[in-house]
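**Q** First the structure, then my questions, so here it is.
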Amino acid sequence: MTSGVSIRGKRRITTVVIGAGHAGLAMSRCLAGRSIDHVVLERGEVANSWKTERWDSLTLLTPNWQSRLPGFRYQGYDPDGFRTMPETVAFIEHYANAISAPVRPYARVDSVRAGDDGYVVATTQGVWECRTVVLATGACNLAHVPAVAAAVPPGIATLTAMQYRNPGQLEHAGVLVVGASASGIQIADEIQRSGRAVTLAVGEHVRVPRLYRGKDIQWWMDAAGVLDERYDQVEDLVRARNVPSLQLAGCHDRRTIDLNALSALGVQLVGRLAGINDGKAQFSGSLRNVCALADLKMNRLLGTIDEWATAHGLDSEVPAPHRFEPTEVEAAPQLLLDLARGRIKTIIWATGFRPDYSWLDVPVLDRKGQVRHDGGVVDSPGMYLMGMPFLRRRKSTLIDGAGDDARELSAHLASYLSSGAPVSRAEPSLLSQ
Ligand SMILES: Cc1cc2nc3c(=O)[nH]c(=O)nc-3n(C[C@H](O)[C@H](O)[C@H](O)COP(=O)(O)OP(=O)(O)OC[C@H]3O[C@@H](n4cnc5c(N)ncnc54)[C@H](O)[C@@H]3O)c2cc1C
456 MTSGVSIRGK RRITTVVIGA GHAGLAMSRC LAGRSIDHVV LERGEVANSW
506 KTERWDSLTL LTPNWQSRLP GFRYQGYDPD GFRTMPETVA FIEHYANAIS
556 APVRPYARVD SVRAGDDGYV VATTQGVWEC RTVVLATGAC NLAHVPAVAA
606 AVPPGIATLT AMQYRNPGQL EHAGVLVVGA SASGIQIADE IQRSGRAVTL
656 AVGEHVRVPR LYRGKDIQWW MDAAGVLDER YDQVEDLVRA RNVPSLQLAG
706 CHDRRTIDLN ALSALGVQLV GRLAGINDGK AQFSGSLRNV CALADLKMNR
756 LLGTIDEWAT AHGLDSEVPA PHRFEPTEVE AAPQLLLDLA RGRIKTIIWA
806 TGFRPDYSWL DVPVLDRKGQ VRHDGGVVDS PGMYLMGMPF LRRRKSTLID
856 GAGDDARELS AHLASYLSSG APVSRAEPSL LSQ
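So the sequence shown is numbered by our numbering: it starts at 456 and just counts up by one.
Put into structure tokens, the structure is as follows:
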């Protein structure tokens, strides 16, 4: 609901939500439920990131049933399927329409600064004044590229996971994919299958099987409460917020794409890219250890699932517990690769993403450029954050996590508005609806 009032070219509204991805839309739905007038400012169109920043073959790694949003549940015929990008865009657009979200497309926010009574939000379509503002601009606006990229020799094309679209973009020659989390393993799999020889530089990663004991791993993690673990319960929150994405893909045949599967396809595994010297890539010798650690952590997760299954009487309904083959690593993985004169003609940086707050003129960023916040309540009265890894729970980074976060943060925001003064952090009574 928008009822912005225009005063001398500036529009005044209670809340500005920045970003019309699923997180901004979930917040819009919750604000509307509380009759808080608001606008959703979007630099592109609804679902802009999914429309413009993903590769062609990407499918969600979360099954269809697991994209619940406030007021929306999957009701199609394929709850266990995985949405393609066009289907994901259509789903988010459908949600925006169904909730009548007051989205202003093509209104890029160029600055947010403190005003007399809240914030002043300057956009390419004019200025908004508001008491409260929700930053829902996403966690993945920019590709993170390691500093070592500066030493890539000439003649090698480099692409980030945001620039990669399909193997047809690449020379028909060897490809080095750096990073083996969700993006890296999916891209490596696709490029190797296209007939180009892939070398995959593997750092810390989180290994999980697609299916376990006859059910999807996401089903288990959802049911066993793993995804609901809260930010104020986890032991090391900084670490939890920086854990790499799951090594997982949403393939129609539900296959697991892990390092063993990639090796079987012919992908060559090497350690983390540690440097490039004289045109030669240097890989860390820790590949074996890194893989052993990922195997150990996967088995720990499967142990948690098994305990939960037993405690909830599921053992007779699903296949017995089992463990997967350890990750196979060559006895002496390659430590050096000649980029200047070798077979590699393309490097793909699948080394993660980061948010872009270059437009945020409120002093809330820490030394690493991240917004300082307590479960989404930003360190500036009336400012809120959505869509960040482990914002309030482990699932916050997923589409499925936005609902609970938006419900809780909109409750906090409403309380802030009615008290007229800043409310302290996460009061459970406010956060339980
Ligand atoms: C490759 C990849 C695969 C993923 N796969 C899954 C998956 O399978 N399942 C899952 O649940 N999650 C997945 N995610 C995670 C997550 O769902 C996405 O990161 C999601 O896009 C985050 O939603 P969001 O609404 O927070 O941000 P976004 O969808 O990025 O939305 C933010 C919006 O803000 C807009 N914006 C940014 N800056 C401005 C500005 N200055 N002014 C106005 N508007 C602005 C953007 O245009 C964008 O529309 C994936 C993420 C990536 C990167």
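Built from N, CA and C at the ideal position, the CB exists for glycine as well. On a predicted model such as this, the values are computed, not experimentally measured, just so you know.
1. CA-CA distance, A869 and H767?
2. Below 7 Å, is the gap between the Cβ of V698 and the nearest heavy atom of ligand 1?
3. Within 10 angstroms of the Cβ of V693, are there 16 or more other Cβ atoms? Answer buried if so, exposed if not.
4. Taking its Cβ as the centre, do 16 or more other Cβ atoms sit within 10 Å of Y532, making it buried, or is it exposed?
5. Does the Cβ of V564 lie closer than 7 Å to at least one heavy atom of ligand 1?
6. Which residues does DSSP pair with Y839 in a beta bridge?
7. Residues in its own chain within less than 6 Å of L625 by CB, not counting five upstream and five downstream?
8. Between the Cα of R509 and the Cα atoms of E500, G536, Y619, E584, which residue gives the shortest distance?
9. So, do the stretch 852-865 and the stretch 607-617 have three or more beta carbon pairs nearer to each other than 8 Å?
10. Could you please give the first and the last residue of the uninterrupted alpha helix (DSSP H) stretch that includes Y546?
11. Please report the distance separating the alpha-carbon of Y550 from that of F527.
12. Measure from the alpha carbon of L524 to the alpha carbon of each residue in G837, I547, R822, then state which is nearest.
13. Note down the Cα distance separating A598 from I760, rounded to an integer number of angstroms.
14. Name the two residues that bound the continuous beta strand (DSSP E) containing Q688.
15. Is it true that the stretch 772-779 meets the stretch 694-706, where meeting means three or more beta-carbon pairs spaced less than 8 Å apart?
16. CA-CA distance, F845 and Y686?
17. Return the bridge partner residues of L597 from the DSSP annotation.
18. Is DSSP giving D750 helix, strand or coil here?
19. D860 CB to nearest chain C CB: under 8 Å?
20. Tell me whether A749 is buried or exposed, calling it buried when 16 or more other Cβ atoms sit within 10 Å of its Cβ.
21. Can you tell which of V725, A747, V745 has its C-alpha closest to the C-alpha of Q737?
22. Please state whether DSSP places N744 in a helix, a strand or coil.
23. For A551, is the beta carbon positioned less than 7 Å from some heavy atom of ligand 1?
24. For the candidate residues V689, D834, G639, whose alpha-carbon lies nearest to that of A704?
25. Buried or exposed: which applies to K850, given that a residue is buried once 16 or more other Cβ atoms fall within 10 Å of its Cβ?
26. My output table needs one value for P525: the three-state DSSP class, helix, strand or coil.
27. Is the beta carbon of K735 closer than 8 Å to that of D793?
28. Can you list, in chain order, the residues of its chain whose CB lies under 7 Å from that of V600, leaving out five sequence neighbours each side?
29. Is the separation between the beta-carbon of I491 and that of T514 shorter than 8 Å?
30. Tell me, please, whether the stretch 821-838 touches the stretch 634-654 by the rule of three or more beta-carbon pairs shorter than 8 Å.
31. What are the uninterrupted segments assigned as alpha helix (DSSP H) that are 4 or more residues long and contained completely in the stretch 632-667, given in chain order?
32. Buried or exposed: which applies to Q530, given that a residue is buried once 16 or more other Cβ atoms fall within 10 Å of its Cβ?
33. Touch check for the stretch 662-675 and the stretch 640-649: three-plus C-beta pairs under 8 Å?
34. If I'm right that A591 touches A478 with Cβ under 8 Å, what's the distance once you round it to whole angstroms?
35. Which residues share a DSSP beta bridge with G629?
36. Can you tell me whether L769 is helix, strand or coil according to DSSP?
**A** Well, looking at it:
1. As a working mapping, residue 869 is identified with position 414 in the sequence shown. As a working mapping, residue 767 is identified with position 312 in the sequence shown. A direct Cα-to-Cα measurement between A869 and H767 gives close to 38 Å.
2. Counted from its first residue, the sequence shown places residue 698 at position 243. No.
3. Along the sequence shown, read from residue 1 onward, the residue named residue 693 stands at position 238. When all chains shown are included, V693 counts as exposed.
4. Residue numbering aside, residue 532 sits at position 77 when the sequence shown is read from its first letter. With fewer than 16 other Cβ atoms within 10 Å, it is exposed.
5. As a working mapping, residue 564 is identified with position 109 in the sequence shown. Yes.
6. The residue given as residue 839 occupies position 384 in the sequence shown. Y839 is bridged to V589, V832.
7. Along the sequence shown, read from residue 1 onward, the residue named residue 625 stands at position 170. If we look at L625 and ignore the five residues flanking it on each side, its Cβ neighbours are T801.
8. Counted from its first residue, the sequence shown places residue 509 at position 54. The shortest Cα separation from R509 among E500, G536, Y619, E584 belongs to Y619.
9. Verdict: no, contact absent.
10. Mapped onto the sequence shown, residue 546 falls at position 91. Checking the displayed sequence, the identity of residue 546 turns out to be Phe instead of Tyr. Per DSSP, F546 belongs to the alpha helix (DSSP H) from 540-553.
11. As a first step, residue 550 is located in the sequence shown; it is residue number 95 there, counting from the start. As a first step, residue 527 is located in the sequence shown; it is residue number 72 there, counting from the start. One C-alpha to the other measures close to 8 Å.
12. As a first step, residue 524 must be located in the sequence shown, where it is residue number 69. Looking at the Cα atoms, I547 is the closest of the given residues.
13. For this step, residue 598 is matched to residue 143 along the sequence shown. For this step, residue 760 is matched to residue 305 along the sequence shown. Rounded to whole angstroms, A598 and I760 show a C-alpha spacing of 33 Å.
14. In the sequence shown, residue 688 corresponds to position 233, counting from 1. Segment: none, Q688 is in no beta strand (DSSP E) and carries neither H nor E.
15. Two segments are said to touch when three or more pairs of C-beta atoms, one from each, lie closer than 8 Å; by this definition the stretch 772-779 does not touch the stretch 694-706.
16. The residue you call residue 845 lines up with position 390 of the sequence shown. The residue you call residue 686 lines up with position 231 of the sequence shown. Near 6 Å, if we compare the C-alpha coordinates of Y686 and F845.
17. Position 142 of the sequence shown, counted from the start, is the residue given in the question as residue 597. The beta-bridge partner set that DSSP reports for L597 consists of R809.
18. For the purposes of this step, residue 750 is taken as residue 295 along the sequence shown, with counting starting at 1. In the three-state DSSP reduction, D750 falls in the helix class (H, G or I).
19. Of the chains in the structure shown, none is chain C; there is only one protein chain.
20. Numbered from its first residue, the sequence shown carries residue 749 at position 294. Counting C-beta atoms within 10 angstroms of its own C-beta, A749 has 16 or more neighbours from the protein chains shown and is therefore classed as buried.
21. One-based indexing of the sequence shown puts residue 737 at position 282. Each of V725, A747, V745 was checked against the Cα of Q737, and the nearest Cα belongs to V725.
22. For the purposes of this step, residue 744 is identified with residue 289 of the sequence shown, where counting begins at 1. N744: helix per DSSP, three-state reduction.
23. The count along the sequence shown starts at 1 and reaches residue 551 at position 96. Remark: the shortest separation between the CB of A551 and any heavy atom of ligand 1 does not fall under 7 Å.
24. In the sequence shown, residue 704 corresponds to position 249, counting from 1. The residue with the shortest Cα to Cα distance from A704 is G639.
25. For this step, residue 850 is matched to residue 395 along the sequence shown. Buried, by the Cβ-count rule.
26. In the sequence shown, residue 525 corresponds to position 70, counting from 1. Taken through DSSP and simplified to helix, strand or coil, P525 comes out as coil.
27. To locate residue 793, count along the sequence shown from 1; it is residue 338. To locate residue 735, count along the sequence shown from 1; it is residue 280. Taking a C-beta distance under 8 Å as the contact criterion, D793 and K735 qualify as a contact pair.
28. The count along the sequence shown starts at 1 and reaches residue 600 at position 145. Within its own chain, the residues whose Cβ lies closer than 7 Å to the Cβ of V600, once the five positions on either side in sequence are excluded, are T615, W804, T806, listed in chain order.
29. Translated into the one-based positions of the sequence shown, residue 491 becomes position 36. Translated into the one-based positions of the sequence shown, residue 514 becomes position 59. Using a Cβ distance threshold of 8 Å, I491 and T514 do not count as a contacting pair.
30. No: fewer than three Cβ pairs fall under 8 Å.
31. 637-648, all fully within the stretch 632-667.
32. The residue you call residue 530 lines up with position 75 of the sequence shown. With fewer than 16 other Cβ atoms within 10 Å, it is exposed.
33. Taking a cut-off of 8 Å on C-beta distances, the stretch 662-675 does not touch the stretch 640-649, as fewer than three cross pairs fall below it.
34. Translated into positions along the sequence shown, residue 591 becomes position 136. Translated into positions along the sequence shown, residue 478 becomes position 23. The C-beta distance from A591 to A478 rounds to 4 Å, short enough to fall under 8 Å.
35. Here residue 629 corresponds to residue number 174 of the sequence shown, with the count starting at 1. In the DSSP output, where bridge partners are listed per residue, G629 has I799.
36. Within the sequence shown, the letter at position 314 stands for residue 769. L769 falls in the coil class under three-state DSSP.
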